[in-house]
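Participant: Take a look at this one; I'll ask things after.
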Ligand SMILES: Cc1ncc(COP(=O)(O)O)c(C=O)c1O
Ligand SMILES: Cc1ncc(COP(=O)(O)O)c(C=O)c1O
């Protein structure tokens, strides 16, 4: 039993001052977890859940670890059994590597261990958030300024947009709740938009029935015309349209909706326009690609996840709005134990009451440090490199036998394609054939994961009648190259070329 | 302009492999940010917001930092201008220090840079979350098991409870939204409960008018009788009671509501019972104090923030429920790009669809490492020490001249008291006198902050007709001692004894 006496903290951990953190650094350096993992290392050493439960030795005891070796082993085990998302060949999600500057920022933030609900406990965090939001409001095209807040993820950022739109429509809802409303409020979003719009809709009391999926075109783009029809139809049904979500970089196809057309409709119809730029918003930092965001400055709000394409450490996610003061108005309750008005400093810096959280991490710091230390030129070059790699990949998919693009015409860095094994080539594409192709991607994925050479996502898209296909995406760090793209296709081919028809029938 | 060629990542930062992270470690060690700051160092070097804006040198350029010295200065500046929450004399909030094990866990988690929405990207994170939730479900008294999820803070954990209660009441709301409901759903919570209950209520569409504040007793405890009356009254008004929030450790007084009485009412009336144990829940880890939670096992859900009393790194917050499967049912939408059912491993480990977030940090890992490395005995001793320090403080407040308890009878580690400067002693306590006393705490706080010796919170409590008083709380690390408690009172006296009546009149 450890002893705690006279303020001397018991320390059963057999490490002296700072040595445990040094151990963490040693592990991180050895494993090169800041985006410097060599290409030929494995991305994952896959274990099935039940096996991993045993390997991690989950038992927790009254005594704790008794030796350095024991502590080291616990830490090393966690890292060993984690996926190397920092690996150049981790393409499974819309996030991935972080660089050393990003990780340094994350570590500083963790070491500060404070919130930013009030200036008095997080002064540097509050100020850097102000600074980053000021910059981003400008870059997204709101020349008259705006406001914003960092959130624990884009899903919650998207919820902020719905709450603000509702409050703008009728501030009484904050008091009365939705039950007091006579006709349901309706949300419009493309059939390609992220599922967080649906989740937000039922959490916040709107209901899934009141989320109208607007048809997208072949590329996954939502246009003003389809939206206009959907809005009119909802009005005819006696419902109350109030909010449109447009997407800048859809999750699967990477489509950018037509923001100017959508803004026109929102203006005509008096609807709140939100742009979910969680994935594709990073292009505002690139002169070459920022035109993809044309019209975003006409939106009422935007959400953007720098932890995705920009490779800021998870989480780094922001909600922005052009309506100054509305975040506070919509969310404040004025808790007196935290937001006392008789403090001796300027309490307008106590921004916590505009948040739905009480305690809130200072995620802006990580982004600010990246901007500050790297400079914006490096950030821009990296983003451009991600787009170039995807362009190259698209051309290779078109060129190589057995590979087929799901859609031509790259918008974001998403490249969606099928791999057709030799056994399926040259056949008539009957429904049965497509059902067999549907099984190819999961099979190849399984083999790749078990070998650990490459992690890539796949999915069907039933709305567009598409069977399982691969979705390759590039983020900006580690900077993707042509060699990386070739490797992806080579690996898929290597693990897929021997797939027999029998293994696809069931 | 940096060069990116052939996959060689540009690195404008003049550091080679791992050196920047070493620099971070050096700063953290020098500043002893893992709870080893000496008592006589200052807690904060206060700068007003506008001044700090200049000191932080917020400008972001195209070029970035050009030398090591520049990078070092940026990092050191952020730390220099942050509050030392790890300082033994930081008592301003319900969180504070973290120890080296906690910080090591946080750093590992940051370095892993992954989500835990699916097993395939966060295997170790998913498994450790399972393990911690299993343990905590038992400790909170649900012998038949349960379910849970880590959340970005207790406010969001509390929202989960409302969403689950609503879904249990009528799963159709998920589809129809709240507008389809005829009579408003009503939430009951004590007048001492945390403001996140109100925030959750309007976010989720219930509305502030439908949050009924239940009267608490003198100690801040909500009893079954007051709740029963409030529920009946709401029914008489044609409203639909459905949810009760009880608090385990209220934010200001530290009161534990009477869970058994409340459970009786909830059973009789068919209401969901939630226990907000964000602050006081840590007592389940202490044999000596766990009886404070008696009856919590009869609740439907519980939220607990290990980042508060237990001193896990921010954020570490969990939502627990005894209803297995309900989290998933209430929150799922089945996104096919993430939760494919044709994966080759057991997809019941893809727990992401029970979350309202898409990407989600693996905060459980930090808590699991603390339990595993320290062992539960150390954790328990630390919690007990926090309670002992508070008990001592309470007795000193009673004993010392000029100090006065707001309420006698400590429940949690909160000690609320006034300091009455000599100039105000021995007077009749007229309304004017109380108004003068109201100004004392903010004045002393200002002086303490400007000197940087001690950070402590204060607030009024208008509902109980109480003017500004100090709220001292103890967390479990750095382990608080009698010497620390004496210092708090000495400092308040030192900075408060010369306050003149003039400076309190306005
Ligand atoms: C377009 C889009 N919006 C929102 C989100 C949700 O972001 P988060 O995972 O941070 O909640 C995602 C996640 O992939 C996304 O692709
Ligand atoms: C009783 C109680 N519940 C909930 C919360 C909210 O927790 P968080 O800050 O993690 O949102 C707090 C915060 O102080 C609290 O004291």
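Protein chains in written order, with my numbering: chain Z, 1072 to 1577; chain U, 1072 to 1577. Glycine is no exception: its CB is placed at the ideal position from the N, C-alpha and C atoms.
Please classify residue 1309 of chain Z as buried or exposed, where buried requires at least 16 other C-beta atoms within 10 Å of its C-beta.
Facilitator: Under this definition residue 1309 of chain Z is an exposed residue.
Participant: Roughly how many angstroms separate the alpha carbons of residue 1468 of chain Z and residue 1460 of chain Z, rounded to a whole number?
Facilitator: Going by the C-alpha atoms only, they are around 12 Å apart.
Participant: Is DSSP giving residue 1311 of chain Z helix, strand or coil here?
Facilitator: Here residue 1311 of chain Z sits in strand by DSSP.
Participant: Assign residue 1524 of chain U to buried or exposed, taking buried as 16 or more other Cβ atoms, counted over all protein chains shown, within 10 Å of its Cβ.
Facilitator: Counting Cβ neighbours within 10 Å, residue 1524 of chain U comes out buried, since at least 16 surround it.
Participant: Spell out a yes or no on whether the region 1488-1500 of chain U and the region 1545-1554 of chain U are touching, meaning 3 or more CB-CB pairs, one atom from each, closer than 8 Å.
Facilitator: Touching, no, given that fewer than three Cβ pairs across the two stretches are closer than 8 Å.
Participant: On a CA-only basis, which of U:1238, U:1456, U:1440 is nearest residue 1149 of chain Z? Give me that one, please.
Facilitator: Ranking the options by Cα distance to residue 1149 of chain Z, first place goes to U:1440.
Participant: In terms of residue numbering, what span does the beta strand (DSSP E) encompassing residue 1155 of chain Z cover?
Facilitator: Run containing residue 1155 of chain Z: none; DSSP gives neither H nor E here.
Participant: Using a Cβ-Cβ cutoff of 9 Å, what residues of the region 1481-1501 of chain Z are near chain U? List them in chain order.
Facilitator: Residues passing the 9 Å Cβ filter: none.
Participant: List in chain order: all unbroken beta strand (DSSP E) runs of 3+ residues lying wholly within the region 1364-1408 of chain U.
Facilitator: For the region 1364-1408 of chain U, whole beta strand (DSSP E) runs of length 3 or above, ordered along the chain, are 1372-1375, 1389-1392.
Participant: State yes or no: is the C-beta of residue 1345 of chain Z nearer than 6 Å to some heavy atom of ligand 1?
Facilitator: Not under cutoff, so the answer is no.
Participant: Is residue 1376 of chain Z near ligand 1 - that is, is its Cβ less than 6 Å away from at least one heavy atom of it?
Facilitator: For ligand 1, at least one heavy atom lies less than 6 Å from the Cβ of residue 1376 of chain Z.
Participant: Do residue 1172 of chain Z and residue 1444 of chain Z come within 7 Å of each other at the CB atom, strictly closer than that value?
Facilitator: Going by C-beta atoms, residue 1444 of chain Z is nearer than 7 Å to residue 1172 of chain Z.
Participant: Less than 7 Å between CB atoms is the rule here; does residue 1276 of chain Z satisfy it with respect to chain U?
Facilitator: Interface residue, yes.
Participant: Could you give the DSSP three-state label for residue 1540 of chain Z: helix, strand or coil?
Facilitator: In the structure shown, residue 1540 of chain Z sits in a strand (DSSP, three-state: E or B).
Participant: Quick check on DSSP: helix, strand or coil for residue 1420 of chain U?
Facilitator: Residue 1420 of chain U: helix per DSSP, three-state reduction.
Participant: If we count the other Cβ atoms within 10 Å of its Cβ and call it buried at 16 or more, is residue 1422 of chain Z buried or exposed?
Facilitator: Buried, since its Cβ has 16 or more Cβ neighbours within 10 Å.
Participant: Against chain Z, with Cβ distances strictly below 7 Å, would residue 1507 of chain U count as a contact?
Facilitator: Cβ-Cβ to chain Z under 7 Å: no for residue 1507 of chain U.
Participant: Since residue 1529 of chain U contacts residue 1554 of chain U with CB under 8 Å, what's their CB separation in whole angstroms?
Facilitator: About 23 Å; that fails the 8 Å criterion.
Participant: Flag this pair as yes or no: are the beta carbons of residue 1256 of chain U and residue 1311 of chain U separated by less than 7 Å?
Facilitator: For residue 1256 of chain U and residue 1311 of chain U, yes; Cβs fall inside 7 Å.
Participant: Can you tell which of Z:1292, Z:1401, Z:1224 has the C-alpha that lies nearest to the C-alpha of residue 1383 of chain Z?
Facilitator: Out of Z:1292, Z:1401, Z:1224, Z:1224 has the C-alpha closest to the C-alpha of residue 1383 of chain Z.
Participant: Compare the C-alpha of residue 1133 of chain U against each of Z:1107, Z:1498, Z:1558, Z:1447 and name the closest.
Facilitator: Residue Z:1447 is the option with its Cα nearest to residue 1133 of chain U.
Participant: Is any beta-carbon of chain U found at less than 7 Å from that of residue 1343 of chain Z?
Facilitator: No, because no Cβ of chain U sits closer than 7 Å to the Cβ of residue 1343 of chain Z.
Participant: Do you know whose CA, among U:1334, U:1381, U:1417, lies nearest residue 1123 of chain Z's CA?
Facilitator: Closest option to residue 1123 of chain Z, Cα to Cα, is U:1417.
Participant: Check the DSSP bridge columns for residue 1532 of chain Z and list the partner residues they point to.
Facilitator: Answer by DSSP bridge pairing, in chain order: Z:1537.
Participant: Measuring only the C-alpha atoms, how far is residue 1597 of chain Z from residue 1351 of chain Z?
Facilitator: Residue coverage of chain Z in this structure runs from 1072 to 1577, which leaves residue 1597 of chain Z outside it and unanswerable.
Participant: Helix, strand or coil for residue 1108 of chain Z per DSSP?
Facilitator: It is coil, neither helix nor strand.
Participant: Using only alpha-carbon positions, find the residue among Z:1559, Z:1259, Z:1270 that is nearest to residue 1336 of chain Z.
Facilitator: When only C-alpha atoms are compared, the closest one is Z:1259.
Participant: Using a Cβ-Cβ cut-off of 7 Å, state whether residue 1570 of chain Z counts as contacting chain U.
Facilitator: So no, residue 1570 of chain Z is outside the interface.
Participant: Counting along the chain, where does the alpha helix (DSSP H) carrying residue 1201 of chain Z start and finish?
Facilitator: That run of the alpha helix (DSSP H) goes 1194-1210.
Participant: Could you give the first and the last residue of the continuous beta strand (DSSP E) run that contains residue 1582 of chain U?
Facilitator: One cannot answer for residue 1582 of chain U here, as it falls past the ends of chain U, which runs 1072 to 1577.
Participant: Use the C-beta contact count for residue 1385 of chain U: other C-beta atoms within 10 angstroms, 16 or more gives buried, fewer gives exposed.
Facilitator: Buried is the call here.
Participant: Return the chain-ordered list of same chain residues with a C-beta closer than 6 Å to the C-beta of residue 1110 of chain U, the five sequence neighbours on each side being excluded.
Facilitator: Only 1159 meet the Cβ criterion.
Participant: Compare the beta carbon distance of residue 1376 of chain Z and residue 1345 of chain Z with 7 Å and say whether it is the shorter of the two.
Facilitator: Taking 7 Å as the Cβ cut-off, residue 1376 of chain Z and residue 1345 of chain Z do not qualify as a contacting pair.
Participant: Among Z:1544, Z:1509, Z:1298, which one has its Cα closest to the Cα of residue 1537 of chain Z?
Facilitator: For the residues Z:1544, Z:1509, Z:1298, the minimum Cα distance to residue 1537 of chain Z belongs to Z:1509.
Participant: Cutting at 7 Å between CB atoms, please list the residues of its own chain near residue 1578 of chain Z, excluding the five before and the five after it.
Facilitator: Residue 1578 of chain Z lies beyond the range of chain Z shown here (1072 to 1577); nothing can be said about it.
Participant: Keeping to the same chain, check which residues put their C-beta closer than 6 Å to that of residue 1575 of chain U; ignore five residues upstream and five downstream.
Facilitator: 1507, 1510, listed in sequence order.
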